[in-house]
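Keeping their order, the protein sequence lines are chains A and B. Per the UniProt record's numbering, the first sequence starts with residue 1, numbered consecutively. Per the UniProt record's numbering, the second sequence starts with residue 1, numbered consecutively. Each residue gets a CB set at the ideal place from its N, CA and C atoms; glycine is no exception. Since the structure comes first, as structure tokens, the remarks are kept for the end.
Number of protein chains: 2
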Amino acid sequence: MHDEEERIRFVEDAAVVVRGGVIDFVGPATDVRVRGLPAAERIDARGQVAVPGLINCHSHAAMAALRGVAEDLPAEEWFNDVVWPIESNLTPRDVELGTRLACAEMIRGGVTCFADHYFEMDRVAAVADESGLRAHLGEAFFSSQGPEGRERSLEFALRHRGAAGGRITTALAPHAPYTVDDADLAATAALAREHGLPVHLHVAESRAQTDNSLARHGVTPVEVLERTGLLDVPAGVLIAHGTGIVERDLPVLERARGPVGVATAPRTYLKFGWTTTPVRALRGIGVPVGLATDGAASNNCLDLWQAMALTALVQKAAEGDPRWLTSRQALHHATLQSARAVGLGDRIGSLAPGRRADIVLVDLTGPHTQPVHDLAATLVHSVRAADVRTTVVDGRVLMRDRELLTVDVAETVRELGERLPALVDRSHGERIQEYDRPPG
Amino acid sequence: MHDEEERIRFVEDAAVVVRGGVIDFVGPATDVRVRGLPAAERIDARGQVAVPGLINCHSHAAMAALRGVAEDLPAEEWFNDVVWPIESNLTPRDVELGTRLACAEMIRGGVTCFADHYFEMDRVAAVADESGLRAHLGEAFFSSQGPEGRERSLEFALRHRGAAGGRITTALAPHAPYTVDDADLAATAALAREHGLPVHLHVAESRAQTDNSLARHGVTPVEVLERTGLLDVPAGVLIAHGTGIVERDLPVLERARGPVGVATAPRTYLKFGWTTTPVRALRGIGVPVGLATDGAASNNCLDLWQAMALTALVQKAAEGDPRWLTSRQALHHATLQSARAVGLGDRIGSLAPGRRADIVLVDLTGPHTQPVHDLAATLVHSVRAADVRTTVVDGRVLMRDRELLTVDVAETVRELGERLPALVDRSHGERIQEYDRPPG
């Protein structure tokens, strides 16, 4: 829970009452007994702690199918030589199966909402619906696709907005400033304003991208957002990564007229040998920083507990300051800041009356989580994804005592396995895009 | 497995035959069926992979009792204000219970051997024996204890060497060059030579320690090891951490006449905002680098899978080179290099005939470990401690299908919980030692 100043607060011997998918009450279990409410279902979670469902603020869920396919490579080879050639083989069925596998992994790890940025997003929306997860979805496009890319992204966003009983929200999803030209970004900003949609895109993924942008255009990727109007979108812009956000970008972000959020996926940055997102500087100007995994082809998993711990650890190391990014700050990033980054700051991210009932029960009886001297530290630095016992979204139980109720993993893995040889074939010599070559 | 050039090798549909605590055969399961050997016990591990038991090359197991007690602090406050005051309360029973909890955590996470450096080590030896783990143990001492500290460390090492059916090996364990003076270190080196014992100590834990040592004594901590004879100990020296090993230390380590190993615990360094162990430079001069967790009061867990992944990730980031520290290199650190670092390079660290049967079975059927495009990457970057199904040491099953057979966690946690208020009391204003003040 959070108090009025948004500080993390823990309640012992607590009960959470859910009614119609919404949290109705959080407080001492004795109060619930006194009120004597009849319940359709009771979950006894003694020895466990209830936390807000985790939010994966930037993912490419279907890339679970490509976990481990491109290892120990610099980003440009990872994209140009492996991932983008393989993605030219992607079929809607591959996306569906990869996303289903990812949803199983996320539910098992206590993720209740994921922001996804990929292709064939109709299938992703269908899988999100069937899996029971909450999702914030955008159909990715490049300028190389012509105006049709942008139009498809808009059409997707309008068609699926509010789907799955409101669990699905949508965004326009240009790939990045280095693959989508300024005119296309400006047109996207105009569409976003016209239709009340947010925008989700990769920005300044690495410091090298910022340096390239400066060398070629004289502006940083964040300055490109500003001049194309993307920082004035009323429904907000979600910046994925931002490890290349530099000093001069801070005043630009500070004067943004629309809400800006950043998603940090620290495991990807370590793997590529990059620096990390400047979380402290962003916090200093009031930009919420949510936690993310990125796709499993770079990460290699969709584990938000790991993202939370790594954010705390890597930020301490990056700043050379062990007092920065305490466990409570990490929990704030994982809850309210993540909810705000994906535009759901008033609906999820806290266990409080009126919020959607996205709740995760975490077992603390394992030897690796005992004793508990400091519950925030236990949650950030000791708990692992496998300690999640029960995952609830909108009041619906998606996993109970580690048993997945909405996804058949074995069948998904079986069919995916049959399709992998065709999916990973690179003999055609094609790729869907070129990395690090600016458009135009 | 490893081939003749020590490259990691995987065998599909393999069987491992164990006889008298030793690996008798590793190879195709069909070969075992042909030989028709009768077995006292068979473990069916379809869908799982057998790997050498993991080795925790530097720990303070009993500090599991202090997990989360000193969070988000710089090292000097962590030591002086919290940990060393608390450790002045330590009783043998606290050490026993903390170690038992740690052993449970390690067995559940596929650790089969731990190198421990702490106090009241008789109790640690007893718990290692009862838990079934392999252990490399040293009784820590400071020069502030007078010659008795060193003598007790020797007495412990001689009394327990070869105990628990050979599972326990021992070392002399001075704390560190900044808490043990040169005369005491030289006397330790002489005792090590006389008795054929190795030495295990903290060296250059942080860059600040190296800078302090240079400012005060004109030499680095590694140069202190050289001038006190610790680099000439025939049974070897195990250097914990070494994040402050600098360029000028490399030729010193290279001309060492005894075996030198380094234990790296990357999670601790991130948490303290330190730089990390220069693994690439150490590999360049042939020094084996093993993986470690350090104590759970800094880490906050004893998870070698996490140490392995973090070593790969942090080394890539530290070198700015995503090609360095591949998954196969990480596995080599986790297996043979770790075995060598703790002086057991000919007995454990590989699944090969003649080696002790320290074997871990890892389940790969979870959604987060599927599909498997690259088994080395799956093991390093996707597998988590909770995927370990079965842990075997010296041919004895210590955990079967996640059920611990040698440790009662609930009872350990219960009794420890009763003792914690007295253990963490700091009102006495004492501490066992002063951090960062050189002796003499």
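Residue i classed as buried or exposed, judged by whether at least 16 other C-beta atoms fall within 10 angstroms
i                      : result
residue 428 of chain B : exposed
residue 155 of chain B : exposed
residue 101 of chain B : buried
residue 440 of chain A : Its pLDDT being 40, under 50, residue 440 of chain A is placed unreliably by the model, and the measurement read from it follows with that caveat. It is exposed - the Cβ of residue 440 of chain A has fewer than 16 other Cβ atoms within 10 Å.
residue 297 of chain A : buried
residue 403 of chain B : exposed
residue 430 of chain B : exposed
residue 91 of chain A  : exposed
residue 119 of chain B : buried
residue 414 of chain A : exposed
residue 132 of chain B : buried
residue 187 of chain A : buried
residue 166 of chain A : exposed
residue 323 of chain B : exposed
residue 147 of chain A : exposed
residue 264 of chain B : buried
residue 196 of chain A : exposed
residue 31 of chain B  : exposed
residue 20 of chain A  : exposed
Neighbourhood of residue i by C-beta, 7 Å cutoff - its chain only, sequence neighbours within 5 removed
i                      : result
residue 47 of chain A  : 363, 364, 365
residue 422 of chain A : 89
residue 184 of chain B : 143, 150, 174
residue 303 of chain B : 109, 293, 385
residue 202 of chain A : 175, 176, 240, 241
residue 87 of chain A  : 432
Sequence-distant residues of the same chain with beta carbon closer than 6 Å to residue i, five excluded per side
i                      : result
residue 170 of chain A : 137, 157, 160, 161
residue 79 of chain B  : 435
residue 85 of chain B  : 426, 431
residue 52 of chain B  : 335, 349, 350, 351
residue 205 of chain B : 241
residue 278 of chain B : 245
Per DSSP, the bridge partner or partners of residue i
i                      : result
residue 118 of chain B : B:139
residue 167 of chain A : BP columns for residue 167 of chain A are empty, so no partner.
residue 363 of chain A : A:48
residue 396 of chain B : B:393
residue 54 of chain A  : A:111
residue 25 of chain A  : A:17
residue 441 of chain A : Nothing can be reported for residue 441 of chain A: it is not among the residues displayed for chain A, which extend from 1 to 440.
residue 192 of chain B : Per DSSP, none; premise fails for residue 192 of chain B.
residue 348 of chain B : BP columns for residue 348 of chain B are empty, so no partner.
residue 2 of chain B   : B:8
residue 173 of chain A : A:140
residue 159 of chain B : Bridge partners of residue 159 of chain B: none, in fact.
residue 403 of chain B : B:400
Beta carbon of residue i nearer than 8 Å to that of residue j
i                      : j                      : result
residue 267 of chain B : residue 313 of chain A : yes
residue 359 of chain B : residue 16 of chain B  : yes
residue 238 of chain A : residue 231 of chain A : no
residue 228 of chain A : residue 249 of chain A : no
residue 441 of chain A : residue 233 of chain A : With chain A running from 1 to 440 in the structure shown, residue 441 of chain A is simply not present.
residue 175 of chain A : residue 125 of chain A : no
residue 28 of chain A  : residue 67 of chain B  : no
residue 361 of chain B : residue 45 of chain B  : yes
residue 368 of chain B : residue 12 of chain A  : no
residue 128 of chain A : residue 98 of chain A  : no
residue 258 of chain B : residue 286 of chain B : no
residue 300 of chain A : residue 382 of chain B : yes
Close-in-space but distant-in-sequence residues of the same chain around residue i (CB under 8 Å, 5 per side omitted)
i                      : result
residue 347 of chain A : 339, 355, 356
residue 336 of chain B : 2, 6, 288, 345, 349, 350
residue 409 of chain A : 101, 104
residue 253 of chain B : 222, 231, 245, 260, 282, 285, 287
residue 190 of chain B : 229
residue 24 of chain B  : 17, 18, 353
residue 182 of chain B : 224, 227, 228
Inset, instruction - For the stretch 322-341 of chain A and the stretch 385-395 of chain B, state whether three or more C-beta atom pairs, one from each stretch, are separated by less than 8 Å. - result: no
Legend entry - Contact the stretch 344-354 of chain A vs the stretch 267-275 of chain B: 3+ CB pairs below 8 Å: no
Legend entry - Cβ contact check for the stretch 401-421 of chain A and the stretch 109-123 of chain A: 3 or more pairs under 8 Å: no
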